[in-house]
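Engineer:
Written out as structure tokens, the structure reads:
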């Protein structure tokens, strides 16, 4: 049987004994070729230089698309196929040769290939964050370091629906390591799967059936994963993108090829077509599909199929007899890029994020600088970290001598252990001092919004909530779980205010409806009404066929919204309170057609609606930022705020369209958040925002007097 394998993607590579003679990689003939004493096709075909080049091309596309195009190139999907192909093939060959997969040796070797470079990058990013980023971001970074080191990053991101395309300072410099986490989890699953198949076959005396048994298991699991990913792409794409179970079929596609590789012998014309089509698909994938919104659903068949086609096109052939596309991929520059691909992948994203933080944008020059710095860092990491710790040095090699390798190993171990230990210690300190919800502040010292709208000039007093208190100064639904999260389809309701009151106001929509609750609660206690919350993260009421959040489809939002509309029709609250505008990336705000469609639905159900103008979102050049980060770096309340003209349109955009709806009443509290010129981040000694765009609960409470002045005549309850 012919063994065909290459250096696995993103750092996983075979032992040096698997290389062939010649070229830039010192190699030796395969065991079969040595026994035969001749240069057979088997020994010639052992090493796949073209797949090194494919790795190089894929990582180059990932880097270029991240820097300049803000799209997913499909390169990561190619990586996953290659990882499945290489790792599964290695395990199967070990099992057939030695009768077991050798779990501990494989784990040790794999960790020595992957962890040293990863630990160096984690340490460098942690140091850069401490030096360049505000201390308010250190806790998030420590959490990301631990998630990355434990190969849990993809689940960490899935829980927060982080936008992988958004290369801006608000994005984690370690966010790209989600794919490493997926691969690390796959390696463990694959070890278990192959090991179990080998044990069962040996147990029942069916050693020759290892490949058929494993192929059956892989195909079944792959089909199940594909069906799961297809459903996730249609229902919860934000989660689906990072979900290991949804990604599993891409890796298992490579596993299938590794298992059946000895049987593959397509005719030359077929190989030529596969190679050309595969290369074209790899190059065009990022332009054909918006991968962030579609992968790893059925659309990912394009990059997965492209990788598979290029694998098959050169399988079981000497390099000199492969199609011209494969020979081009095997050229020295492409192979060299493939050698650097793992380190290049690790370095390019944090360098990009830090440069964006300094320059504010990425143009041609900045992008070339990112590439240059990334290549330099990748070369140094590959030369001084990866190679010494992965390859057993030989006298004639360029690898540092054994004592130098020991020093490198110890240094990397110390750096990695220190980074992880400090991250754990920081998180323990933060978790041991949780911030409690802030009680109502003294309105004499902390007038908040009344400093703008009333006759309450602010006295000298320290800002509240403080920078450290702000992230936890949130409305009650967030604290007590009464807002449906990203993956909760059911309608969650809770009652606030006077629960026994006869009059009901329904608070409906996303977190931007929620952050008005503290003000409404104050009014409810004063004027005797109950508030029923119908809330879902990232989901204002919508009847759109394809609702979006952060540029990603969220079909659950429409289904949830339709259920809420039906519930409102049954519950018959006297009033519905929701948002009536949203910000525009280019500046100002708008009332989109979808909001008008919702007003129509509410009108058809004979429901009266109070729509409030949304508050400004903190953005500079379209990039979000947190008030606490700006303040922690020495900015003042004005410097950290925005110009009102950038945040809000001159006229409330909901005024004109709402005039056509007798049941819809617009409310605008912009003058209670901004002056005529500026939207500051602190007013009346109260911090306005607890993150980029949500009001602190304390500032929301301070809005109660002005909200009451505007809402009272509308409701007619006081």
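Residue numbers (this note's numbering): 2 to 719. For each residue, glycine too, the CB sits at the ideal point set by N, CA and C. Here the structure is a predicted model, which means the values were calculated and not measured.
(1) How would you call residue 466, buried or exposed, if buried means at least 16 neighbouring beta carbons within 10 angstroms?
(2) Using a 10 Å radius around the Cβ and a threshold of 16 neighbouring Cβ atoms, would you call residue 405 buried or exposed?
(3) Rounded to the nearest angstrom, how far is the Cβ of residue 659 from that of residue 612, given a contact under 8 Å?
(4) So, residue 327 versus residue 276, is the Cβ gap smaller than 7 Å?
(5) Can you give the Cα-Cα distance for residue 444 and residue 172, rounded to whole angstroms?
(6) Quick one: what's got a C-beta closer than 6 Å to residue 510's C-beta in the same chain, skipping five residues either side?
(7) Report all residues from its chain with a CB closer than 7 Å to the CB of residue 673; omit the five preceding and five following residues, and keep chain order.
(8) From the DSSP output, in three-state form, read off residue 515 for me.
(9) Tell me whether residue 622 is buried or exposed, calling it buried when 16 or more other Cβ atoms sit within 10 Å of its Cβ.
(10) Applying the 10 Å Cβ sphere with the 16-neighbour rule, what's the burial state of residue 289?
(11) How about the region 56-76 and the region 333-342: do they share at least three Cβ pairs that are nearer than 8 Å?
(12) Here's the rule I'm using: 16 or more other beta-carbon atoms within 10 Å means buried, otherwise exposed. How should residue 640 be labelled?
(13) If I measure Cβ to Cβ from residue 70 and keep anything under 8 Å in the same chain, skipping five residues before and after, which residues do I get?
(14) Report the rounded CA-to-CA distance for residue 644 versus residue 584, giving the unit in angstroms.
(15) Classify residue 372 as helix, strand or coil using the three-state DSSP reduction.
(16) For residue 589, which three-state DSSP category applies?
(17) Count the CB pairs spanning the region 229-244 and the region 110-120 that are closer than 8 Å, and state whether there are at least three.
(18) Could you pull out every residue in the same chain whose Cβ sits closer than 7 Å to the Cβ of residue 647, ignoring the five residues on either side in sequence?
(19) State the DSSP-derived secondary structure class of residue 722, mapped to helix, strand or coil.
(20) Are residue 255 and residue 82 closer than 7 Å when you measure CB to CB?
(21) Give a yes or no on whether the C-beta atoms belonging to residue 682 and residue 717 are separated by under 7 Å.
(22) Kindly give me the distance between the Cβ atoms of residue 691 and residue 471, rounded to whole angstroms, as I take these residues to be in contact under 8 Å.
(23) Please confirm whether residue 545 and residue 595 have their CB atoms less than 7 Å apart.
(24) Sort 250, 625, 309 by Cα distance to residue 298 and report the nearest one.
(25) Can you list, in chain order, the residues of its chain with a C-beta nearer than 7 Å to that of residue 101? Leave out the 5 residues immediately preceding and following it.
(26) Which same chain residues end up closer than 7 Å to residue 219 when comparing Cβ atoms and leaving out the 5 residues on each side of it in sequence?
(27) Could you check where the alpha helix (DSSP H) with residue 60 kicks off and where it finishes?
(28) Counting along the chain, where does the alpha helix (DSSP H) carrying residue 714 start and finish?
(29) For residue 42, does the count of other Cβ atoms within 10 angstroms reach 16, so buried, or fall short, so exposed?
(30) Should residue 676 go down as buried or exposed, given a rule of 16 or more other Cβ atoms within 10 Å for buried?
(31) Check for me: the beta strand (DSSP E) holding residue 536 runs from which residue to which?
(32) State whether the region 300-309 contacts the region 341-351, with contact taken as three or more CB pairs (one from each stretch) at a distance under 8 Å.
(33) Rounded to whole angstroms, what's the CA-CA distance from residue 50 to residue 263? Just pull it up for me.
(34) Can you have a look at residue 501 and say buried or exposed, based on whether 16 or more other CB atoms are within 10 angstroms of its CB?
(35) Could you name the residues that DSSP lists as bridge partners for residue 687?
(36) Taking the alpha-carbon positions, what's the residue 433 to residue 630 distance?
Structural biologist: So, from the data block:
(1) Along the chain shown, one-based indexing puts residue 466 at 465. Buried, since its Cβ has 16 or more Cβ neighbours within 10 Å.
(2) Here the question's residue 405 lines up with position 404 in the chain shown. Looking at its Cβ environment, which holds fewer than 16 other Cβ atoms inside 10 Å, residue 405 is exposed.
(3) Stepping through the chain shown from its first residue, residue 659 is reached at position 658. Stepping through the chain shown from its first residue, residue 612 is reached at position 611. That pair is a contact at about 7 Å.
(4) The count along the chain shown starts at 1 and reaches residue 327 at position 326. The count along the chain shown starts at 1 and reaches residue 276 at position 275. For residue 327 and residue 276, yes; Cβs fall inside 7 Å.
(5) Against the chain shown, residue 444 aligns to sequence position 443. Against the chain shown, residue 172 aligns to sequence position 171. For residue 444 and residue 172, the distance between alpha carbons rounds to 36 Å.
(6) For the purposes of this step, residue 510 is identified with residue 509 of the chain shown, where counting begins at 1. Excluding sequence neighbours, residue 510 sits near 541, 542, 579, 580.
(7) On the chain shown, residue 673 is found 672 positions in, with the first residue counted as 1. Within the same chain, residue 673 has close Cβ partners 450, 453, 454, 704, 707.
(8) Here residue 515 refers to the residue found at position 514 of the chain shown. DSSP places residue 515 in helix when its eight states are reduced to three.
(9) As a working mapping, residue 622 is identified with position 621 in the chain shown. It counts as exposed.
(10) Start at 1 with the first residue of the chain shown, and residue 289 comes out as number 288. With fewer than 16 Cβ atoms within 10 Å of its Cβ, residue 289 is classed as exposed.
(11) yes
(12) On the chain shown, position 639 is the one that residue 640 refers to. Classification of residue 640: exposed, given that the 10 Å Cβ count is below 16.
(13) Stepping through the chain shown from its first residue, residue 70 is reached at position 69. Taken in chain order, the residues that qualify are 287.
(14) For the purposes of this step, residue 644 is taken as the residue at position 643 of the chain shown. For the purposes of this step, residue 584 is taken as the residue at position 583 of the chain shown. Near 14 Å, if we compare the C-alpha coordinates of residue 584 and residue 644.
(15) As a working mapping, residue 372 is identified with position 371 in the chain shown. Residue 372: helix per DSSP, three-state reduction.
(16) Walking along the chain shown from the start, residue 589 turns up at place 588. It is coil, neither helix nor strand.
(17) no
(18) Stepping through the chain shown from its first residue, residue 647 is reached at position 646. Correct list, in chain order: 588.
(19) Because the chain is modelled from 2 through 719, residue 722 falls outside the range shown and cannot be assessed.
(20) Start at 1 with the first residue of the chain shown, and residue 255 comes out as number 254. Start at 1 with the first residue of the chain shown, and residue 82 comes out as number 81. Yes, they are a contact pair.
(21) Indexing the chain shown from 1 puts residue 682 at position 681. Indexing the chain shown from 1 puts residue 717 at position 716. The answer is no: Cβ separation not under 7 Å.
(22) By 1-based counting over the chain shown, the position of residue 691 is 690. By 1-based counting over the chain shown, the position of residue 471 is 470. 5 Å between Cβ atoms; contact.
(23) Taking the first residue of the chain shown as position 1, residue 545 is located at position 544. Taking the first residue of the chain shown as position 1, residue 595 is located at position 594. Result yes, Cβ atoms of residue 545 and residue 595 sit closer than 7 Å.
(24) Against the chain shown, residue 298 aligns to sequence position 297. For the residues 250, 625, 309, the minimum Cα distance to residue 298 belongs to 250.
(25) Counted from its first residue, the chain shown places residue 101 at position 100. If we look at residue 101 and ignore the five residues flanking it on each side, its Cβ neighbours are 199.
(26) Within the chain shown, the letter at position 218 stands for residue 219. Counting only Cβ-Cβ distances below 7 Å, and skipping sequence neighbours, we find 253, 256, 257, 260.
(27) Here residue 60 is taken as the residue at index 59 of the chain shown, counted from 1. That run of the alpha helix (DSSP H) goes 50-65.
(28) On the chain shown, residue 714 is found 713 positions in, with the first residue counted as 1. Element bounds for residue 714: 705-716.
(29) Indexing the chain shown from 1 puts residue 42 at position 41. Note that residue 42 has pLDDT 40, beneath the 50 cutoff, so the model's placement of it is unreliable and no number is given.
(30) As a position in the chain shown, residue 676 is number 675, starting the count at 1. The residue is exposed, with fewer than 16 neighbouring Cβ atoms inside 10 Å.
(31) In the chain shown, the residue the question calls residue 536 occupies position 535. Residues 531-536.
(32) no
(33) Locating residue 50 in the chain shown gives position 49, counting from the first residue. Locating residue 263 in the chain shown gives position 262, counting from the first residue. Going from the Cα of residue 50 to the Cα of residue 263 covers about 18 Å.
(34) Against the chain shown, residue 501 aligns to sequence position 500. Exposed.
(35) The count along the chain shown starts at 1 and reaches residue 687 at position 686. Residue 687 is bridged to 465, 684.
(36) Walking along the chain shown from the start, residue 433 turns up at place 432. Walking along the chain shown from the start, residue 630 turns up at place 629. Residue 433 and residue 630: Cα-Cα distance of roughly 22 Å.
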